[in-house]
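Each protein sequence line maps, in turn, to chains A and B. Numbering follows numbering that gives the first Met the number 0, in which position 5 of the first sequence is assigned residue number 4; successive positions increment by one, without gaps. Numbering follows numbering that gives the first Met the number 0, in which position 143 of the second sequence is assigned residue number 142; successive positions increment by one, without gaps. Here is the structure we will look at.
There are 2 protein chains.
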Amino acid sequence: MAENNYKITAEPGKQEITMIQEFDASPELVFKAYTDPELLVQWLGPRDLTMEIEKFDPKQGGVYRYVHRDNSGKEYAFHGVIHEATQPKRIVQTFEFEDAPGHVSLETATFEELPDGRTRVTSRIVFQSVEDRDSMIESGMERGVKDSYERLSELLERMTVKH
Amino acid sequence: MAENNYKITAEPGKQEITMIQEFDASPELVFKAYTDPELLVQWLGPRDLTMEIEKFDPKQGGVYRYVHRDNSGKEYAFHGVIHEATQPKRIVQTFEFEDAPGHVSLETATFEELPDGRTRVTSRIVFQSVEDRDSMIESGMERGVKDSYERLSELLERMTVKH
Numbered sequence: 000m001a002e003n004n005y006k007i008t009a010e011p012g013k014q015e016i017t018m019i020q021e022f023d024a025s026p027e028l029v030f031k032a033y034t035d036p037e038l039l040v041q042w043l044g045p046r047d048l049t050m051e052i053e054k055f056d057p058k059q060g061g062v063y064r065y066v067h068r069d070n071s072g073k074e075y076a077f078h079g080v081i082h083e084a085t086q087p088k089r090i091v092q093t094f095e096f097e098d099a100p101g102h103v104s105l106e107t108a109t110f111e112e113l114p115d116g117r118t119r120v121t122s123r124i125v126f127q128s129v130e131d132r133d134s135m136i137e138s139g140m141e142r143g144v145k146d147s148y149e150r151l152s153e154l155l156e157r158m159t160v161k162h
Numbered sequence: 000m001a002e003n004n005y006k007i008t009a010e011p012g013k014q015e016i017t018m019i020q021e022f023d024a025s026p027e028l029v030f031k032a033y034t035d036p037e038l039l040v041q042w043l044g045p046r047d048l049t050m051e052i053e054k055f056d057p058k059q060g061g062v063y064r065y066v067h068r069d070n071s072g073k074e075y076a077f078h079g080v081i082h083e084a085t086q087p088k089r090i091v092q093t094f095e096f097e098d099a100p101g102h103v104s105l106e107t108a109t110f111e112e113l114p115d116g117r118t119r120v121t122s123r124i125v126f127q128s129v130e131d132r133d134s135m136i137e138s139g140m141e142r143g144v145k146d147s148y149e150r151l152s153e154l155l156e157r158m159t160v161k162h
């Protein structure tokens, strides 16, 4: 089981969320896991949902859309556009949950090289309002984040040759 | 001279700016002025700068880039991507000043129909941090906003047949 020591910060009254997690893999590999649809589909989202990526084009102006489905077939669809994808440093993209149309957030993920071949990913999400931010938290976001980070750690562990 | 009664709100400690302006033209026409490069170039930015639009594609995933130049030839370049452009209701786009790379904001402009063929445009810009927001204000943003709204009012007046 991969380690999991993520940190989520959401100060009261602010319209942002910051999430930090470290991974036992290089920035190149972690960045790849964030931008290759065949890898992304293996880790993004809660464990009990399946993910289908309809499109995902990790470049400036690229559009993405994906759907999470639960056992009963209920769907949760998301889409956005890529402002920047600079390998292996930074991804900046918009994000919209289609059940809350018109509520858009901006997510910046930075990939920082650490000693011993590790990587720190800092994701900062800014929302159009404090209310939007709080709704996201109340929707049970943390479970999805926790599962995602765990699943990504496990995926990277499978992909990394251990010495 | 067109009227000018814009309102800019930037509460201390928050990472957003809200700007509201009303125009004596229909939402369709105002939206067109925001999304047609041949019109946009006539009003966006301070009066003493010229504007050159390198690309501007007002659709989901569309990329834009434009440059403002002063008399001495000094350039201020900006780029971003369009998350949504729903005629004549809403535009959501990212924004980055190329002299401050990596600092990205998200701007939502909504076009609201008012009585007597008027339109209220509400622009909400959210920044990655309070510091980014404050830097934007300190850069002299208000002069550009004031000039832009005045110039847009004048352009719309020229475009509108008066009864």
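Beta carbons: idealized from backbone N, C-alpha and C, even for Gly. All values reported here derive from a predicted model rather than from experimental measurement.
Answer yes or no: do residue i and residue j have a C-beta to C-beta separation smaller than 8 Å?
{"i": "K54(A)", "j": "A84(A)", "result": "no"}
{"i": "A32(B)", "j": "T118(B)", "result": "no"}
{"i": "V80(A)", "j": "H78(B)", "result": "no"}
{"i": "V129(A)", "j": "L105(A)", "result": "no"}
{"i": "F110(B)", "j": "V103(B)", "result": "no"}
{"i": "R157(A)", "j": "R46(A)", "result": "no"}
{"i": "Q86(B)", "j": "F30(B)", "result": "yes"}
{"i": "I136(A)", "j": "A108(A)", "result": "no"}
{"i": "I7(B)", "j": "E153(B)", "result": "no"}
{"i": "Q14(A)", "j": "E15(B)", "result": "yes"}
{"i": "G61(B)", "j": "G61(A)", "result": "no"}
{"i": "G72(B)", "j": "D146(B)", "result": "no"}
With DSSP collapsed to three states, give me the class of residue i.
{"i": "K6(B)", "result": "strand"}
{"i": "S122(A)", "result": "strand"}
{"i": "K31(B)", "result": "helix"}
{"i": "E97(B)", "result": "coil"}
{"i": "S147(B)", "result": "helix"}
{"i": "L43(A)", "result": "coil"}
{"i": "Q104(B)", "result": "The identity of residue 104(B) in the sequence shown is Ser, whereas the question assumes Gln. Strand at S104(B)."}
{"i": "A1(A)", "result": "Confidence at A1(A) is low in this model, with a pLDDT of 47, below 50, so its placement is unreliable and no value can be given for it."}
{"i": "T17(A)", "result": "strand"}
{"i": "G116(A)", "result": "helix"}
{"i": "E156(A)", "result": "helix"}
Might you give, ordered along the chain, the residues of its own chain that have their beta carbon closer than 7 Å to the beta carbon of residue i, omitting 5 neighbours on each side?
{"i": "V40(B)", "result": "M50, I52"}
{"i": "E112(A)", "result": "P26, T118"}
{"i": "G12(A)", "result": "V129"}
With a threshold of 6 Å on Cβ separation, who are the neighbours of residue i within its own chain once the five nearest residues in sequence on each side are excluded?
{"i": "Q20(B)", "result": "Y5, V120, Y148"}
{"i": "D131(A)", "result": "H102"}
{"i": "Y75(B)", "result": "H67"}
{"i": "F96(B)", "result": "F77"}
{"i": "L38(B)", "result": "A32"}
{"i": "T17(B)", "result": "T8, R123"}
{"i": "G116(A)", "result": "S25"}
{"i": "R64(B)", "result": "E53, K54, H78"}
{"i": "P36(A)", "result": "I52, F55"}
Could you tell me whether the Cβ of residue i comes closer than 8 Å to any Cβ of chain D?
{"i": "L28(A)", "result": "The chain inventory of the structure shown lacks chain D, comprising the protein chains A and B."}
State yes or no: is the C-beta of residue i nearer than 7 Å to some heavy atom of the ligand NAP?
{"i": "E27(B)", "result": "In the structure on display, the ligand NAP does not appear, and there are no ligands present to speak of."}
Name, going along the chain, the residues of the stretch 108 to 126 of chain B whose beta-carbon falls closer than 8 Å to a beta-carbon of chain A.
R123, V125, F126
Report the residues of the stretch 86 to 104 of chain B with a CB closer than 8 Å to any CB of chain A, ordered along the chain.
R89, V91, T93, E95, G101, V103, S104
Output, in sequence order along the chain, the residues in the stretch 49 to 82 of chain A whose CB is closer than 9 Å to any CB in chain B.
D56, Q59, G60, G61, V62, H78, G79, V80, I81, H82
What are the residues of the stretch 16 to 48 of chain B that lie near chain A, defined by any Cβ-Cβ distance shorter than 8 Å?
none
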